[in-house]
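Enquirer:
Protein chains: 2
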Amino acid sequence: MFKGMLKGNMVIGQSGGPTAVINQSLVGAVLAAREQDSITGILGARHGIQGIMDENFIDLTTQSVEQLELVAHTPAAALGSVRLKPGKAECEKVFEVFRKHDVRYFFYIGGNDSAETAHIIAEMAKEANYDFCTVHIPKTIDNDLKVTDHCPGFASAARFVALAFMGDDRDNRALSGVKINVVMGRHAGFLTAASALARRPEHEGKSDGPHLIYLPERVFDVEQFKQDVKTTMAKYGRCVVAASEGIGDKDGNPIASTGERDSHGNIQLSGTGALGDTLAAFVKEALGKGARVRADTFGYLQRSYPTIISEVDAKEAREVGEYAVHHAASTGEAGSVAIRRLSNVPYTSECFITPLSSVAREATEMKDAHINDAGNDVTQAWVDYVAPLVGELPKMGDL
Amino acid sequence: MFKGMLKGNMVIGQSGGPTAVINQSLVGAVLAAREQDSITGILGARHGIQGIMDENFIDLTTQSVEQLELVAHTPAAALGSVRLKPGKAECEKVFEVFRKHDVRYFFYIGGNDSAETAHIIAEMAKEANYDFCTVHIPKTIDNDLKVTDHCPGFASAARFVALAFMGDDRDNRALSGVKINVVMGRHAGFLTAASALARRPEHEGKSDGPHLIYLPERVFDVEQFKQDVKTTMAKYGRCVVAASEGIGDKDGNPIASTGERDSHGNIQLSGTGALGDTLAAFVKEALGKGARVRADTFGYLQRSYPTIISEVDAKEAREVGEYAVHHAASTGEAGSVAIRRLSNVPYTSECFITPLSSVAREATEMKDAHINDAGNDVTQAWVDYVAPLVGELPKMGDL
């Protein structure tokens, strides 16, 4: 225990796009906090920062473990989430509320925007000489946080995507034609790249789809795309395409979007079928009017579908929540929890703390070594990285 | 055994949109056929009628039971499927091939179009005095075949939809706004109506979504839709909508489509995000530009997603395949297999045979008693009908 132990209430909140396991982190943190003498009260903020400003709290000391375990297994943020990026006035309001409620610990579960929010508040506390500890608990299906090997929430979404492509590839095999599936991931292609797990390793180089994978890390060239589809059709008589919602042209313009923006200034890419329809139109131009071309946009199911949860992901999401509380209570130091991969077979990992500034704002993208030279597929190194996180997939039968 | 037992080869094929359990029917029929003395060879037609015309057969007597069981658990038609509706010339060609290969049994797994194909061929055989028995094995996620209580393939797709709405409703609860999900079902709303299972029975009348359900059996009135969404937003501060891809206006025009048609003359509704985007635009007109409105189109995942399979559905899909072969071998009479529900608690059912003409061509739609008066929701009678087919759903936790 550190000198001059912080004693007081804690606030925990959830922010950004929910995941299938974000409640594991919440429950992990709450159950760990209940065992800390230094944490006197546990307040859950409804809808993240918004709930703090509104003093819209729920007491998290009273629920049965049974109820909390049910919450842990339920997708999407049980406290409610928020897309608000607080400015100076909002942060001052948050402080006022923290002081009023003698809040000494703040845990914010979210992505890099949430880490930045936590960072700003930690800096304000320091300036105000207010004894306070804030820890960011990582979550994002996009897998785009810096420092950490991977992000809680990603592997369950990746499992949804891999299974979806396994089934959809059978469907395409049965009726032929071109099938385009648009996968979430604004700036990073991790989730789209997880579609490669739908190919059976023992069928390497055979006909399993997806046959083409387009990631936002590479420029999307429409003419090259048309040629890629033609080549695949000539080879297999069918073609399954995985395309990230974030693909853009050489000038960085999205291939398709509604033009709408959220409060973080992000263009709306999800919750619309525009990109899929645009890509389908390109394919029809390439193959002719009579071609059977279909496009699906997997949308919000990727982050919220129940029962399709990676065991590794659920376990790690729980662990980062627990670790955040243990770290805060034992050191009083701000930071962001990250994951270090220790071994691949069998898969093992551990948590560690990285400075908030190392995670805030900036995001990562896929390594060059994980993308093929043509920019239309992933490499074996990518499959080796992602497979242990997603876990075993069912076998498919052939005639 | 009937007098003058038919002895010869059998052909089996799969047709129309695949389902998650159509291979259960195939494997059920093949394993049953292997035990019949009257069935000498078992030929699987690649891509249904097309494979017969092309004499593109696979010998189904040689695979191990282990391999077939793996196929049975694999979504989508393992033999390949087809959308071809044969005309007179095609049927004559099919005959020629059947005679050439001494085919005396023909099993066709599909919907009402496939039943019609089977019916035409049965009639041709009768006219030609060719001893021949054809049995239609039902399958369709649309659940729109006549006579039968329900169709194999429907309950697994319904399970996918119910789970999707369970997760998506948590997502919408976390971030609020309006969420529209477009569900498959061209003329019948059965699959869209299955979204109602996402509401927890113990929360009757509470806030669980979907809050609004629009079916093709009722005219879709845009102004009424806008008003329904406004009313729901005022009540819950959020709104989850289930809309069938087949909804149309008072003149029967689809609310949105690409205008493309398949070889059956059906307008393309799936494999495009057009309807979801159109409905989202209506909501933005109603609530104002700033409203958070998202639309997903579940698409082909509904019929092909692995691991989300209803146990009742898998069992019955196997049974209709077995029953078709037992019926054909023991009576030599043409027909279509149907399912009769015997009891709801515990759920039990049995197979029976109905004339091909009673199933061919025409489709059913939802009963009036299963749709509410306002035409924007289902009734408890519908939930009672569909729940035993879909099976138990996971519990969701709340704070």
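Sequence lines, in order, name chains A and B. Numbering follows our numbering, with no gaps: position 200 of the first sequence is 435. Numbering follows our numbering, with no gaps: position 18 of the second sequence is 253. Virtual Cβ for every residue (Gly too), placed ideally from N, Cα, C.
In the structure shown, what three-state DSSP assignment does B/Cys386 receive?
Expert: In this structure, B/Cys386 counts as coil in the three-state DSSP scheme.
Enquirer: To test your reading of the DSSP string, which unbroken beta strand (DSSP E) runs of 3 or more residues are found completely within the stretch 523-551 of chain B?
Expert: DSSP runs (the beta strand (DSSP E)) wholly in the stretch 523-551 of chain B: 528-532.
Enquirer: Can B/Ala350 and B/Val621 be called in contact, C-beta distance under 9 Å?
Expert: No, the Cβ-Cβ distance between B/Ala350 and B/Val621 is not below 9 Å.
Enquirer: Counting pairs of Cβ atoms below 8 Å between the stretch 360-367 of chain B and the stretch 393-409 of chain B, do you hit three or more?
Expert: The stretch 360-367 of chain B is not in contact with the stretch 393-409 of chain B.
Enquirer: Am I right that B/Val418 and B/Phe533 are in contact with their C-beta atoms under 8 Å? What's the rounded C-beta distance?
Expert: Right, the Cβ-Cβ distance comes to about 6 Å (below 8 Å), so this counts as a contact.
Enquirer: Could you tell me if B/Val300 is buried or exposed, where buried requires 16 or more neighbouring beta carbons within 10 angstroms of its beta carbon?
Expert: By the neighbour-count rule (16 or more Cβ atoms within 10 Å), B/Val300 is not buried but exposed.
Enquirer: Could you tell me the alpha carbon to alpha carbon distance between B/Asp337 and A/Gly610, rounded to whole angstroms?
Expert: Straight-line Cα distance between these residues: approximately 52 Å.
Enquirer: When the distance is taken between beta carbons, is A/Phe517 closer than 9 Å to A/Phe587?
Expert: Cβ atoms of A/Phe587 and A/Phe517: not closer than 9 Å.
Enquirer: Would you call the CB atoms of B/Ala509 and A/Asp512 closer than 9 Å?
Expert: It is a contact, given that the beta carbons lie within the stated cut-off.
Enquirer: Measuring straight from C-alpha to C-alpha, what distance separates B/Gly276 and A/Gly424?
Expert: When rounded, the distance between both Cα atoms is 50 Å.
Enquirer: With a cut-off of 8 Å on the beta carbons, I'd call A/Ile544 and A/Asp384 a contact; round off their distance for me.
Expert: Going by Cβ atoms, the distance from A/Ile544 to A/Asp384 rounds to 19 Å, so no, they are not a contact pair.
Enquirer: Provide the residue span of the beta strand (DSSP E) that contains A/Pro373, from first to last.
Expert: Start and end: Cys368 to Pro373.
Enquirer: Does B/Gln271 have its Cβ less than 9 Å from a Cβ in chain A?
Expert: Not closer than 9 Å to any Cβ of chain A, the Cβ of B/Gln271 fails to qualify, so no.
Enquirer: If the cut is a Cβ gap below 9 Å, which residues of chain B does A/Thr513 touch?
Expert: The contacting residues do not exist; A/Thr513 stays about 10 Å from chain B at best.
Enquirer: What is the rounded straight-line gap between the Cα of A/Ser571 and the Cα of B/Ile344?
Expert: When rounded, the distance between both Cα atoms is 56 Å.
Enquirer: Quick check on the DSSP output: the beta strand (DSSP E) that includes A/Val572 runs from which residue to which?
Expert: Looking at the DSSP string, the run of the beta strand (DSSP E) that includes A/Val572 is Gly570 to Asn579.
Enquirer: Taking beta-carbon pairs under 9 Å, can you tell me which members of the stretch 528-556 of chain A lie near chain B?
Expert: Residues passing the 9 Å Cβ filter: Val528, Arg529, Ala530, Asp531, Thr532, Phe533, Gly534, Tyr535, Leu536, Arg538, Ser539, Tyr540, Pro541, Thr542 and Ile543.
Enquirer: Where DSSP assigns a beta bridge to B/Ile277, which residues make up the other side?
Expert: Answer by DSSP bridge pairing, in chain order: B/Met245.
Enquirer: Where do the ends of the alpha helix (DSSP H) carrying A/Leu628 lie?
Expert: Per DSSP, A/Leu628 belongs to no alpha helix (DSSP H) and is neither H nor E.
Enquirer: Taking the continuous alpha helix (DSSP H) assigned at B/Ala353, which residues delimit it?
Expert: Run containing B/Ala353: Asn347 to Glu362, per the alpha helix (DSSP H) assignment.
Enquirer: Could you tell me which chain A residues have their CB closer than 7 Å to the CB of B/Lys630, listed as they occur along the chain?
Expert: Leu305, listed in chain order.
Enquirer: Apart from the five residues on each side of it in sequence, which residues of its chain come closer than 6 Å, Cβ to Cβ, to A/Leu536?
Expert: Closer than 6 Å at the Cβ level, and outside the excluded window around A/Leu536, lies no residue.
Enquirer: DSSP has B/Glu304 in a bridge; who is on the other side?
Expert: Partner(s): none; B/Glu304 has no beta bridge.
Enquirer: Kindly list, in the order they appear in chain B, the residues whose Cβ is closer than 7 Å to that of A/Thr309.
Expert: Here the neighbours are Arg405, Met631 and Gly632.
Enquirer: Against B/Arg408, what residues of chain A qualify as contacts under a CB-to-CB distance less than 8 Å, listed in chain order?
Expert: Ala311 and Gly315, listed in chain order.
Enquirer: Taking Cβ-Cβ distances shorter than 9 Å, what residues in chain A pair up with B/Arg318?
Expert: Those within 9 Å of B/Arg318 in chain A are Leu410 and Arg527.
Enquirer: Please compile the residues from chain B whose C-beta is within a distance smaller than 7 Å of the C-beta of A/Pro451.
Expert: Within 7 Å Cβ-Cβ: nothing; A/Pro451 doesn't reach chain B, min ~19 Å.
Enquirer: If the criterion is Cβ atoms closer than 9 Å, does the pair B/Gly402 and A/Pro310 meet it?
Expert: For B/Gly402 and A/Pro310, yes; Cβs fall inside 9 Å.
Enquirer: What are the residues of the stretch 252-280 of chain B that lie near chain A, defined by any Cβ-Cβ distance shorter than 7 Å?
Expert: Per Cβ criterion, the list reads Pro253 and Gly279.
Enquirer: What residue does the alpha helix (DSSP H) around A/Val587 start on, and which one ends it?
Expert: Checking the sequence shown, residue 587 of chain A turns out to be Phe, not Val. Where A/Phe587 is concerned, there is no enclosing alpha helix (DSSP H), although the beta strand (DSSP E) it sits in stretches over Tyr582 to Thr589.
Enquirer: Should A/Asp632 go down as buried or exposed, given a rule of 16 or more other Cβ atoms within 10 Å for buried?
Expert: Per the sequence shown, residue 632 of chain A should be read as Gly rather than Asp. That one is buried.
Enquirer: Taking Cβ to Cβ, would you say A/Ala313 is nearer than 9 Å to A/Leu261?
Expert: Yes. Within cutoff.
Enquirer: What residues from chain A crowd round B/Met401, counting only those whose CB sits closer than 7 Å?
Expert: The contacting residues are Pro541.
Enquirer: Can you name the residues of chain B whose CB is closer than 9 Å to the CB of A/Val481?
Expert: According to the sequence displayed, residue 481 of chain A carries Gly and not Val. None at all; the shortest Cβ gap to chain B is about 17 Å.
Enquirer: Between the alpha carbons of A/Asn488 and A/Gly346, how many angstroms are there, rounded?
Expert: Those two C-alpha atoms are separated by around 24 Å.
Enquirer: Between the stretch 406-420 of chain B and the stretch 546-562 of chain B, can you find at least three pairs of beta-carbon atoms closer than 8 Å?
Expert: At 8 Å Cβ cutoff, the stretches do not touch.
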